[in-house]
Amino acid sequence: MKVELLVRAGSGPCERAERIWREVATAQGIELVVVNLADRTGSELATQPTITAVPAVLIDGQLAAVGVQSPEEARALVSGHGINRPR
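Quick note on my numbering: the sequence shown kicks off at 4 and runs consecutively.
Printed below as a string of structure tokens:
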């Protein structure tokens, strides 16, 4: 499983999301890639029509959540009990 976290540098919510996702990824042994909107990869991901806000979480290339998840919500997302999924 690969989790990508799309963030904007200097954003408080993005910084909180990154701390939470780093903690969860380490505890769960998950590959986490933090992608900044200012980077080429980040700007390319941000053009996807499903991404309308950051922080945004992609799991295996699919948008799984937007906003800041609690540690419990993040663990639920990676364990397949998705919450806060976009409609």
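Glycine included, C-beta positions come from ideal geometry on N, C-alpha and C.
C-alpha distance - residue i paired with residue j, whole-angstrom precision
i   : j   : result
E75 : T29 : 14 Å
R25 : T50 : 24 Å
C17 : A56 : 11 Å
Inter-residue CB distance, residue i and residue j (contact presumed, cutoff 8 Å)
i   : j   : result
A59 : L9  : 4 Å
I62 : L80 : 7 Å
Residues of its chain near residue i, where Cβ-Cβ distance is below 8 Å and the 5 sequence neighbours each way are ignored
i   : result
E21 : L8, V10, V37, P58
I23 : V71, Q72, S73, P74, A77
Same chain, Cβ closer than 6 Å to residue i, neighbours up to 5 away in sequence not counted
i   : result
S82 : none
Residue i versus the options, residue with shortest Cα-Cα distance
i   : options            : result
S14 : A79, L80, G70      : G70
A12 : D63, L80, L40, G64 : L40
V6  : Q31, R19, P16, E18 : Q31
Other residues of its chain near residue i: CB distance less than 7 Å, five sequence neighbours each side excluded
i   : result
I54 : L9, L48, L66
T44 : V38
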